[in-house]
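Enquirer: Can you read through this structure? Questions will come right after.
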Amino acid sequence: MIGAIVGLAGGLGALLIVAAVLPIGSPAASSTGPSRWVARPSAFDRLADACVRAGLGPGGRRQVIAAIAGAGVGVFVVVGSISRSPVIALAFATFGGYAPIGIVVRRARLRTAERRDLWPDVVDNLASAVRAGLSLPEALIQLGERGPAPLRPDFVAFGRDYAATGRFGECLDRLKSRLADPVGDRIVEALRLAREVGGSDLGRLLRGLSQFLRDDARTRAELVTRQGWTVNAARLALAAPWIVLALLSLRPETVAAYDTAPGVAVLAVGGAVSVLAYRLMLRIGRLPEDERVLR
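Basically our numbering = 1-based index in the sequence shown + 875.
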């Protein structure tokens, strides 16, 4: 009976963590072309995008999944050897398995915030290149030399792809995959549309987009600064009871209490409440994030 409850609690905890961090959406509608409109990306798409934005590359998803398994097993072994309780070890292993996801998501957000300040310069460079009479491929290629330093490798790779194939559309798709950024998607699709149907207002559109991106980055930076203390307080409130549990698990009578069916139920309910309360707080205070709707 206790084994079944432990398994159920562990599975529920893992499901809550994965569902909270990587919400599973409806599959993307199929498309015959390389670009498609995606209303709700799946959990694996979100994880892949986070890995790319975090600098792990397209294959980083497999590394993160392996890290989740390794962290969970490692925490289970360490806590189990200290507390001598598989129930308590499983509870901490569930949170330990979340650590790689949390690290990747946090790093992806930091890099996205850094790039948010760089995109206006990218758009300005594109607008200047178009105004100077450069073709769209040439305007993108020159960003590998004159664009913001953190983004140059992506545009250098675009230049290599275009020199090798000469297929502008396919090279744009690869560029979008490397960037994995909603702003980058918009810029790429604007350039694709201008290339396919033409248009004399591309320069004006790019200048307007640059100003909008600067205003958005300035406003968001102010809001993030004010929101920081609330998020840190929520994290402390989430960690406090589990720190207390870790200290209490050093006492044999506490371990014996949690090895019973009521103890398992308390841990399961406490873990579910902790995760749901934390995610609810983040959702209430969350700033609107751009979605990659132009994949």
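All residues carry an ideal CB built from backbone N, CA and C; glycine is no exception. Nothing here was measured: the structure is a model prediction, and the numbers come from that model.
(1) For Ala-1152, which residues in the same chain have their Cβ closer than 7 Å to its Cβ, ignoring the five residues on either side in sequence?
(2) Does the distance from the CB of Phe-967 to the CB of Val-948 come in under 8 Å?
(3) Use the C-beta contact count for Gly-1083: other C-beta atoms within 10 angstroms, 16 or more gives buried, fewer gives exposed.
(4) I'd like the span of the alpha helix (DSSP H) that includes Arg-1021, first residue to last.
(5) Report the three-state DSSP secondary structure of Arg-1158 (helix, strand or coil).
(6) Would Ala-983 be called buried (16 or more neighbouring beta carbons within 10 Å of its own) or exposed?
(7) Can you look up Gly-1041 in the DSSP assignment and give me helix, strand or coil?
(8) To the nearest angstrom, how far is it from the Cα of Gly-972 to the Cα of Gln-1102?
(9) Let me know if Arg-1053 comes out buried or exposed under the rule of 16 or more other beta-carbons within 10 Å of its beta-carbon.
(10) Write down the C-beta distance between Asp-1046 and Asp-1036 rounded to the nearest angstrom, noting that I regard them as a contact closer than 8 Å.
(11) Closer than 8 Å by C-beta to Val-1005: which residues in its own chain qualify, once you throw out the five before and the five after it? Chain order, please.
(12) Put Ser-960 into one of helix, strand or coil per three-state DSSP.
(13) From which residue to which residue does the alpha helix (DSSP H) around Leu-1078 run?
(14) Report the CB separation of Leu-1142 from Tyr-1133 in whole angstroms; it is logged as a contact under 8 Å.
(15) Just verifying my parser: in three-state terms, what is the DSSP assignment at Asp-1048?
(16) Please report how far the alpha carbon of Thr-1129 lies from the alpha carbon of Ile-963, in whole angstroms.
(17) If I follow the unbroken alpha helix (DSSP H) through Arg-1067, where does it start and stop?
(18) Return yes when the Cβ of Ala-1092 is within less than 8 Å of the Cβ of Arg-986, no when it is not.
(19) Does DSSP put Thr-1135 in a helix, in a strand, or in coil?
(20) With DSSP collapsed to three states, give me the class of Ala-1007.
(21) Looking at Arg-1067: is its Cβ nearer than 8 Å to the Cβ of Gly-1044?
(22) Out of Val-1106, Ala-1114, Gln-938, Ala-1115, which has the shortest C-alpha to C-alpha gap to Leu-1157?
(23) Would a C-beta distance cut-off of 8 Å place Ile-943 and Ile-978 closer than the cut-off?
(24) Can you tell me whether DSSP reads Asp-999 as helix, strand or coil?
(25) When you compare each of Gly-930, Val-1148, Phe-1030, Ala-1136 to Pro-1116 by their alpha carbons, which one comes out closest?
(26) Which residue from Asp-920, Arg-1161, Ala-929, Ser-956 puts its Cα closest to that of Pro-1127?
(27) Can the beta-carbon of Ser-1085 be found less than 8 Å from the beta-carbon of Pro-995?
(28) For Asp-1036, name the three-state secondary structure that DSSP assigns.
(29) Is Pro-1137 close to chain B, meaning its C-beta is less than 8 Å from at least one C-beta of that chain?
Expert: The answer reads as follows:
(1) Locating residue 1152 in the sequence shown gives position 277, where the first residue counts as 1. Closer than 7 Å at the Cβ level, and outside the excluded window around Ala-1152, lies no residue.
(2) As a position in the sequence shown, residue 967 is number 92, starting the count at 1. As a position in the sequence shown, residue 948 is number 73, starting the count at 1. Between Phe-967 and Val-948, the CB-CB gap reaches or exceeds 8 Å.
(3) The residue labelled residue 1083 in the question sits at position 208 within the sequence shown. In the assembly as shown, Gly-1083 is an exposed residue. Its beta-carbon has fewer than 16 other beta-carbons within 10 Å.
(4) Against the sequence shown, residue 1021 aligns to sequence position 146. For Arg-1021, the enclosing alpha helix (DSSP H) begins and ends at 1011–1021.
(5) Here residue 1158 is taken as the residue at index 283 of the sequence shown, counted from 1. In the structure shown, Arg-1158 falls within a helical segment according to DSSP collapsed to helix, strand and coil.
(6) Translated into positions along the sequence shown, residue 983 becomes position 108. With 16 or more other Cβ atoms from the protein chains shown falling within 10 Å of its own Cβ, Ala-983 counts as buried.
(7) Within the sequence shown, the letter at position 166 stands for residue 1041. Judged by DSSP in its simplified three-state form, Gly-1041 adopts coil rather than helix or strand.
(8) For this step, residue 972 is matched to residue 97 along the sequence shown. For this step, residue 1102 is matched to residue 227 along the sequence shown. Distance between the alpha carbons of Gly-972 and Gln-1102 is about 27 Å.
(9) Indexing the sequence shown from 1 puts residue 1053 at position 178. The residue is buried, with at least 16 neighbouring Cβ atoms inside 10 Å.
(10) Here residue 1046 refers to the residue found at position 171 of the sequence shown. Here residue 1036 refers to the residue found at position 161 of the sequence shown. It is Cys, not Asp, that sits at residue 1046 in the sequence shown. With a Cβ gap of about 4 Å, Cys-1046 and Asp-1036 count as contacting.
(11) Along the sequence shown, read from residue 1 onward, the residue named residue 1005 stands at position 130. These residues qualify, in order along the chain: Leu-1011, Ala-1014, Leu-1077, Gly-1078, Leu-1081.
(12) Translated into the one-based positions of the sequence shown, residue 960 becomes position 85. Here Ser-960 sits in coil by DSSP.
(13) Numbered from 1 along the sequence shown, position 203 holds the residue referred to as residue 1078. Looking at the sequence shown, residue 1078 is not Leu but Gly. Here the alpha helix (DSSP H) through Gly-1078 covers 1077–1123.
(14) Along the sequence shown, one-based indexing puts residue 1142 at 267. Along the sequence shown, one-based indexing puts residue 1133 at 258. Right, the Cβ-Cβ distance comes to about 6 Å (below 8 Å), so this counts as a contact.
(15) On the sequence shown, position 173 is the one that residue 1048 refers to. Helix at Asp-1048.
(16) Position 254 of the sequence shown holds residue 1129. Position 88 of the sequence shown holds residue 963. Rounded to whole angstroms, Thr-1129 to Ile-963 spans 10 Å at the Cα level.
(17) Along the sequence shown, read from residue 1 onward, the residue named residue 1067 stands at position 192. Under the DSSP assignment, Arg-1067 falls in the alpha helix (DSSP H) whose first and last residues are 1057–1072.
(18) By 1-based counting over the sequence shown, the position of residue 986 is 111. By 1-based counting over the sequence shown, the position of residue 1092 is 217. No. Outside cutoff.
(19) As a first step, residue 1135 must be located in the sequence shown, where it is residue number 260. Secondary structure at Thr-1135: coil, using DSSP grouped into helix, strand and coil.
(20) Counting from one through the sequence shown, the residue named residue 1007 turns up at place 132. It is coil, neither helix nor strand.
(21) Walking along the sequence shown from the start, residue 1067 turns up at place 192. Walking along the sequence shown from the start, residue 1044 turns up at place 169. Yes. Within cutoff.
(22) Within the sequence shown, residue 1157 is the residue found at index 282, counting from 1. It is Val-1106.
(23) One-based indexing of the sequence shown puts residue 943 at position 68. One-based indexing of the sequence shown puts residue 978 at position 103. Between Ile-943 and Ile-978, the C-beta gap is not smaller than 8 Å, which leaves the two residues out of contact.
(24) In the sequence shown, the residue the question calls residue 999 occupies position 124. DSSP places Asp-999 in the helix class (H, G or I) of the three-state scheme.
(25) Stepping through the sequence shown from its first residue, residue 1116 is reached at position 241. Relative to Pro-1116, the option among Gly-930, Val-1148, Phe-1030, Ala-1136 whose CA is nearest is Val-1148.
(26) Walking along the sequence shown from the start, residue 1127 turns up at place 252. Comparing C-alpha distances from Pro-1127 to each of Asp-920, Arg-1161, Ala-929, Ser-956 shows the shortest one belongs to Ser-956.
(27) Numbered from 1 along the sequence shown, position 210 holds the residue referred to as residue 1085. Numbered from 1 along the sequence shown, position 120 holds the residue referred to as residue 995. A contact, by the Cβ cut-off of 8 Å.
(28) Looking up residue 1036 in the sequence shown gives position 161. In this structure, Asp-1036 counts as helix in the three-state DSSP scheme.
(29) Among the chains of the structure shown, chain B does not appear; only one protein chain is present.
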